[in-house]
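Take 62 as the starting number for the sequence shown in the working numbering and just add one per residue.
Note that beta-carbon positions come from the ideal geometry of N, C-alpha and C, so glycine has one too.
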Amino acid sequence: MARRFPNPIRACIRWIGLALARFGLIGADRARRTADLAWPRIVTGLARMSKSAVDVAMVGVAIGPAAIAGVGFASPYWGLAFTVGGGVAGGTIALVSQRYGAGAFDQLGQAVRSSAVLVVALTLPITAVFWTYPHALISLVSSDPEAIAYGAAYLQIVGLGIPFAGLNLIGSRTFVGMDDAWTPMVVRAGGAVANILLNAVLIFGLEMGVVGAALGTVLANLVVTATFAVGLVAGRLPGMATFPTSVDPVGSYLHVATLRDLTTIGLPVLGTRFVWTVAEFPMLAIVDVFGQDTVAAYVIARRIWGLMNTPGWGFGLAASSLVGQELGTGEEANAEIYGREIVRFSVATYVLAAGLVAVFAEPIVLVFADDPAELSVPIAVALVHAACVAVVLQGVSTTAAGALEASGDTRWPFYSQLLGLFGLAIPLAYVGAVGLSIPSPGTIPVLGVTVPGLEVPAVGLWGLYLAFLAETAVPAAINYYRFASGRWKVISRGYRPETPGDD
Numbered sequence: 062m063a064r065r066f067p068n069p070i071r072a073c074i075r076w077i078g079l080a081l082a083r084f085g086l087i088g089a090d091r092a093r094r095t096a097d098l099a100w101p102r103i104v105t106g107l108a109r110m111s112k113s114a115v116d117v118a119m120v121g122v123a124i125g126p127a128a129i130a131g132v133g134f135a136s137p138y139w140g141l142a143f144t145v146g147g148g149v150a151g152g153t154i155a156l157v158s159q160r161y162g163a164g165a166f167d168q169l170g171q172a173v174r175s176s177a178v179l180v181v182a183l184t185l186p187i188t189a190v191f192w193t194y195p196h197a198l199i200s201l202v203s204s205d206p207e208a209i210a211y212g213a214a215y216l217q218i219v220g221l222g223i224p225f226a227g228l229n230l231i232g233s234r235t236f237v238g239m240d241d242a243w244t245p246m247v248v249r250a251g252g253a254v255a256n257i258l259l260n261a262v263l264i265f266g267l268e269m270g271v272v273g274a275a276l277g278t279v280l281a282n283l284v285v286t287a288t289f290a291v292g293l294v295a296g297r298l299p300g301m302a303t304f305p306t307s308v309d310p311v312g313s314y315l316h317v318a319t320l321r322d323l324t325t326i327g328l329p330v331l332g333t334r335f336v337w338t339v340a341e342f343p344m345l346a347i348v349d350v351f352g353q354d355t356v357a358a359y360v361i362a363r364r365i366w367g368l369m370n371t372p373g374w375g376f377g378l379a380a381s382s383l384v385g386q387e388l389g390t391g392e393e394a395n396a397e398i399y400g401r402e403i404v405r406f407s408v409a410t411y412v413l414a415a416g417l418v419a420v421f422a423e424p425i426v427l428v429f430a431d432d433p434a435e436l437s438v439p440i441a442v443a444l445v446h447a448a449c450v451a452v453v454l455q456g457v458s459t460t461a462a463g464a465l466e467a468s469g470d471t472r473w474p475f476y477s478q479l480l481g482l483f484g485l486a487i488p489l490a491y492v493g494a495v496g497l498s499i500p501s502p503g504t505i506p507v508l509g510v511t512v513p514g515l516e517v518p519a520v521g522l523w524g525l526y527l528a529f530l531a532e533t534a535v536p537a538a539i540n541y542y543r544f545a546s547g548r549w550k551v552i553s554r555g556y557r558p559e560t561p562g563d564d
């Protein structure tokens with residue numbers, strides 16, 4: 062019943078797809094199928110990133126820039142939940158979508174159970190470390206005592222939610238792999254709304270500050286995990302249609318072959334996400350050189366970037382699911398067509414979203430600050446404008462990566478992320494903060510020529526602007542090159558189910 066309610070985001074996404082179809086850039090039927098799978102995930106992303114943005118906005122209004130900086134310094138650590146969970150879930154969606162496409166439902170439950178036990182085993186030690194050493198961990202990123210105190214308080218509590226966040230990614234990818242993006246949208250968007258309401262009560266009502274923000278996040282993730290578990294075991298949720306299959310909770314969890322496939326596919330995905338998460342630490346340390354106001358501005362811009370980047374959530378997973386399903390039936394040519402056309406669809410959506418944010422950048426930034434005169438506001442506006450240019454290339458990067466992940470070809474997205482962040486983005490940010498000084502290596506023997514040193518003065522915020530662009534341009538170029546090569550189709554043959562299921 063809920064699916065019949067009018068939805069402006071669904072209508073907008075479908076309109077973009079059908080407009081592209083009229084110009085011959087995408088098949089109309091593929092546009093509809095992609096839109097129907099992508100838009101719920103985009104809504105889920107908007108809800109989740111809105112929650113994250115509201116966390117920052119609420120602590121910013123309640124406490125100020127120091128709290129924004131503290132939560133920002135803790136965010137990369139919280140991101141480890143999505144690094145580990147996303148890595149395992151990358152294997153989950155590849156296995157689930159190919160088995161679903163081949164009708165091998167008897168093999169689907171095993172992929173889910175093995176994914177769940179693997180993600181719990183990987184995340185529990187992280188939770189223990191965050192609970193024990195929060196102050197020391199935040200001190201690795203910043204030397205600002207006030208921001209460190211806020212960040213440590215936030216990290217210690219929010220770390221309790223990391224296993225639940227990882228399991229939520231498994232649940233979400235399982236449904237998307239079964240061609241159902243609606244269910245995870247409803248569940249996770251509901252969790253995000255609950256998170257926002259809990260935060261409002263805990264931060265403002267009970268005056269718990271950053272601890273309240275962290276506790277709200279943990280409780281909301283726990284509710285979402287329980288909902289996914291009930292739905293997958295029962296094969297349905299109240300008010301929703303029956304799912305294509307259910308998962309037997311007492312079946313085998315430690316299935317060696319499945320764990321091996323999850324590891325083989327998931328490790329490069331985990332590596333890709335780990336690169337991005339690890340890169341946040343030196344990036345924040347570099348931004349800290351600019352001062353507390355710039356750190357607050359950078360954190361605000363990153364939250365807005367996260368909202369703009371939600372089309373990639375939908376189109377990346379749509380590419381993973383649809384390409385994987387076509388590969389599962391042996392239709393490699395159709396899989397390639399889906400991949401190419403979803404990239405075009407994604408880029409067009411990013412262009413429209415980034416354009417709107419660029420026009421309204423200042424009022425959007427002011428949501429995070431109660432005083433327009435704060436120094437962080439104009440800096441944040443400038444960073445948002447730079448992000449609007451850079452984020453468009455995410456339409457290529459995330460969608461091409463999604464298609465590659467569906468086939469099991471997950472190494473190249475890892476390489477591209479590694480090069481983009483550590484090869485260009487972080488060095489550019491460093492040059493912006495402190496410049497670059499390379500001493501003379503001395504005189505060349507025989508020729509007697511002295512090689513001069515190199516002095517590059519600090520370029521200020523331009524280093525951060527260019528870092529944003531490098532972060533997206535390099536993965537976009539590399540991921541699409543790999544997709545265009547067609548090698549992923551050959552790799553996928555090693556992961557396809559041998560025979561369809563009997564039921």
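**Item:** Simplified DSSP state of E516, which is helix, strand or coil
**Value:** strand
**Asked** Can the beta-carbon of Y491 be found closer than 8 Å to that of I347?
**Response** yes
**Message:** Contact defined as beta carbons within less than 8 Å: I believe W549 pairs with S468. What is the distance between those atoms, to the nearest angstrom?
**Reply:** 4 Å
**Prompt:** Of all the options A494, Y541, V178, which has the alpha carbon lying nearest to the alpha carbon of P310?
**Reply:** V178
**Asked** Okay, do the segment 473-488 and the segment 168-184 touch, 3+ Cβ pairs below 8 Å being the bar?
**Response** no
**Item:** the segment 243-263 in contact with the segment 194-211 per 3-pair CB rule at 8 Å
**Value:** no
**Request:** Classify V157 as buried or exposed, calling it buried when 16 or more other Cβ atoms lie within 10 Å of its own Cβ.
**Result:** buried
**Request:** Report back the beta-carbon spacing between A464 and F376 to the nearest angstrom; my notes put them in contact at under 8 Å.
**Result:** Between F376 and A464 the Cβ distance is about 10 Å, and since that is not below 8 Å, they are no contact.
**Message:** Give me the residue from N229, S111, T371, V445 with the minimum Cα distance to V145.
**Reply:** N229
**Asked** For S498, which beta-bridge partners are listed by DSSP?
**Response** E516
**Message:** Tell me whether the segment 117-124 and the segment 347-367 touch, counting them as touching only if at least three CB pairs, one residue from each stretch, are closer than 8 Å.
**Reply:** yes
**Item:** Distance between R554 and Y476 (C-alpha atoms, nearest Å)
**Value:** 22 Å
**Message:** By alpha-carbon positions, which one of G232, G152, G277 ends up nearest to L320?
**Reply:** G152
**Straight-line Cα distance separating V237 from R75** = 18 Å
**Prompt:** Is the Cβ-Cβ distance between M239 and V104 less than 8 Å?
**Reply:** no
**C-alpha distance - A135 paired with G220, whole-angstrom precision** = 10 Å
**Asked** Whole-angstrom Cβ separation of L98 and A242, contact assumed at under 8 Å?
**Response** 5 Å
**Prompt:** What's the gap between the Cα of E268 and the Cα of A290?
**Reply:** 33 Å
**Request:** Would you mind stating whether L198 and L216 have Cβ atoms separated by less than 8 Å?
**Result:** yes
**Message:** So, under 8 Å CB-CB, G222 and T278 are touching, yes? Tell me the CB distance rounded to an integer number of Å.
**Reply:** 6 Å
**As assigned by DSSP and simplified to three states, the class of Y194** = coil
**Message:** Can you tell me whether G385 is buried or exposed? The criterion is at least 16 other CB atoms within 10 Å of its CB, across all chains shown.
**Reply:** buried
**Request:** Give the C-beta separation of A486 and A528 to the nearest angstrom, bearing in mind that I take them to be a contact with Cβ-Cβ under 8 Å.
**Result:** 4 Å
**Asked** Does DSSP classify P126 as helix, strand or coil?
**Response** helix
**Asked** Under the three-state reduction of DSSP, which class applies to S313: helix, strand or coil?
**Response** coil
**Prompt:** So is W192 buried or exposed if we call it buried at 16+ other beta carbons inside 10 Å?
**Reply:** exposed
**Item:** Closest by C-alpha distance to V285, when choosing among A295, R297, L86, A253
**Value:** A253
**Prompt:** Between I539 and the rest of its own chain, which residues show a CB-CB distance below 6 Å, the 5 nearest in sequence each way excluded?
**Reply:** S477
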